[in-house]
Structure formats: C-alpha cells, structure tokens
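A.B. asks: In UniProt numbering, the protein residues as written are 1 to 238. From the three backbone atoms N, C-alpha and C, an ideal C-beta is built for every residue, glycine too.
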Amino acid sequence: MNQKDNKINSVNSQKNEQKIENKNELNKDQEKIKELTETLQRLQAEFENYQKRTIKSNQEYKEFANASIIEQLLSVLDTLEQGVKHNKEFVLVYEQLYSILKKNGLEKINICEGDDFDHETMDCLVKENSLLNEDKITKVLLNGYLLNKKILRPAKVSISNGKKENLVENKISENKIEENKIEEKEIENGKEIGKNINVGDKKIEEKEIENEKELEGKEIKKEDKVEMNGGVNGDIKK
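1) Quick check: the Cα distance between LEU131 and GLU183, rounded to an integer number of angstroms?
2) Can you list, in chain order, the stretches of the beta strand (DSSP E) that have 3 or more residues and sit fully within the stretch 72-135?
3) With a CB to CB cut of under 8 Å and the five nearest residues on each side skipped, what residues in its chain are close to LEU101?
4) At a threshold of 6 Å, does LYS156 count as lining the ligand HEM (C-beta to nearest heavy atom)?
5) Once DSSP output is grouped into helix, strand and coil, what is the label at LYS150?
6) Going by alpha carbons, who is nearest to ASP115 out of ILE137, CYS124 and GLU188?
7) On the three-state DSSP scale, how would you describe LYS164?
8) Spell out a yes or no on whether the stretch 121-131 and the stretch 86-99 are touching, meaning 3 or more CB-CB pairs, one atom from each, closer than 8 Å.
9) Check each candidate in VAL157, ILE177, LEU97 and LYS139 and name the one with the smallest Cα separation from HIS119.
10) List the whole-angstrom C-beta distance separating ASN129 from LYS164, where the pair is believed to meet the contact cut-off of C-beta under 8 Å.
11) Residues in the same chain with beta-carbon distance under 8 Å from GLU17, minus the five sequence neighbours each way, listed in chain order, please.
12) Out of curiosity, what's the CA-to-CA distance linking GLN44 and LYS52?
See below:
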C-alpha cells in the first residue's frame, strides 16, 4: 500500500508541478500579449498623432501661402473700396474680388463709431477730442481683416481721448459760421434776383421804346401816303 500510495503521490506531484509550470507559461504568454498590445496601441496612437501633425502642418502651410497672397491683395481691395465712394462703376469689381477672398477665409472686422477700442484687432493712429468717452472709436481709417479667424491685418482707427473741452463752443462757432454762409448766400441770391429783375425791366422798357418808335414810323409813313394820294387826286381834278 505504501509503495502504491507513494507512486500515486509522485504522479500527483508531477501533475501539480506540470500545472504550475503550464500556469506560469500561460501567465508569461499573457504578460507578453499584454506588453505587445500596449506597444501596438502606443504605436497606433503615435501614428495617429503623426497623421494629425502632418495634416495640421499641411493646413498651416496652405493657410500661410494664402495669407501671403491675400495680404498683398488687400491694398487692391482698399483702393477699390475708396474708388466705390467716388465712382459706382467700381462696385461690381470690388464685390467680385471680396467674394473670392471671402471664400478663401477672409473676413472684415466690423467696427462702428462708439465701439470700445480693442488692442488685439485694432491699431490706434490718432487720439482726438470727442464728445465720446475715452477709448471709444471715433473713426475707422483703414479696415482690418481676419483670415481663418486669425488676425491678418488690424484695423487702423482714431479714438477719443475723453477730452470734451471747447467742443461745444467749437460746434456753436461752426454752426454760426454755417449760418453766416447761408445768410451771405441768400443775400447774394437776392442781389442776383434783383439784378435779373432790373435787367428784365430794362429789356421791357427798351422793347416798349422800340415798339413806340416802330409805331411812330408806321404813322409817319401812313401820313405821307395820304398826302401823296391827296396830291395825285388834286392834279386829276384840274
């Protein structure tokens, strides 16, 4: 019995050792699989990041190339915009050019008088006295533009320095000057009208004198004709 038991125990022991060995091998394989999986995931993530960087780099290069061309065309756009104010024939050309640039990502920075000054989108060229509060836009001197939501060219503006001294008095003086100009114009127009009336009256008077002379001439001719007829008839009777 002891030998048999020993043999059985030996077999069981070997089986247990084999199981342990197999389990260890399995654990090693699982660790290897896990390690390879993590490596594959890392490589895949790196490749995806590389693709994103490449796409972004290409996009930035394209945008940079467009920016260089569009920035050069802004001066043409500015010239056409000024031309529109004086000649409506420029409107169509201006709209066509702006439409093309807009399709390529160009966008005008909308600014109105009274808006707050923005250091990111504007450059201040002039500070002036104004009834507006300090740092409020008084005038847009040159339009600014965005390209693909990024600043391509800041707007050039004048802003209020917040000083209102003498502005009201200056405005009153300007109004008085304007009123004086209007009054002088009315006086000048009145003189011109009076002059035209005098000229008209003189022409009428001259016409009446001319008509009177013409009428007198006709009367004299008529009298001469009557006298001639009377003389002829007297000779016949004799």
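C.D. replies: On the basis of the data shown:
1) The residue you call residue 131 lines up with position 131 of the sequence shown. The residue you call residue 183 lines up with position 183 of the sequence shown. If you take the alpha carbons of LEU131 and GLU183, they lie about 29 Å apart.
2) The stretch 72-135 contains these whole beta strand (DSSP E) runs: 106-108 and 122-128.
3) For the purposes of this step, residue 101 is taken as the residue at position 101 of the sequence shown. Excluding sequence neighbours, LEU101 sits near ILE70, LEU73 and LEU77.
4) Absent from the structure shown: the ligand HEM. Ligands present: none.
5) In the sequence shown, the residue the question calls residue 150 occupies position 150. LYS150 carries a strand assignment under DSSP once its states are collapsed to helix, strand and coil.
6) Here the question's residue 115 lines up with position 115 in the sequence shown. For ASP115, the closest C-alpha among the options ILE137, CYS124 and GLU188 is that of ILE137.
7) Counting from 1 along the sequence shown, the entry for residue 164 is found at position 164. It is coil, neither helix nor strand.
8) Result no; under three Cβ-Cβ pairs closer than 8 Å.
9) For the purposes of this step, residue 119 is taken as the residue at position 119 of the sequence shown. For HIS119, the closest alpha carbon among the candidates VAL157, ILE177, LEU97 and LYS139 is that of VAL157.
10) For this step, residue 129 is matched to residue 129 along the sequence shown. For this step, residue 164 is matched to residue 164 along the sequence shown. Going by Cβ atoms, the distance from ASN129 to LYS164 rounds to 7 Å, so yes, they are a contact pair.
11) Taking the sequence shown and counting its residues from 1, the one referred to as residue 17 is at position 17. Counting only Cβ-Cβ distances below 8 Å, and skipping sequence neighbours, we find nothing.
12) As a working note, residue 44 is residue 44 in the sequence shown. As a working note, residue 52 is residue 52 in the sequence shown. Each residue's Cα considered, the two are about 12 Å apart.
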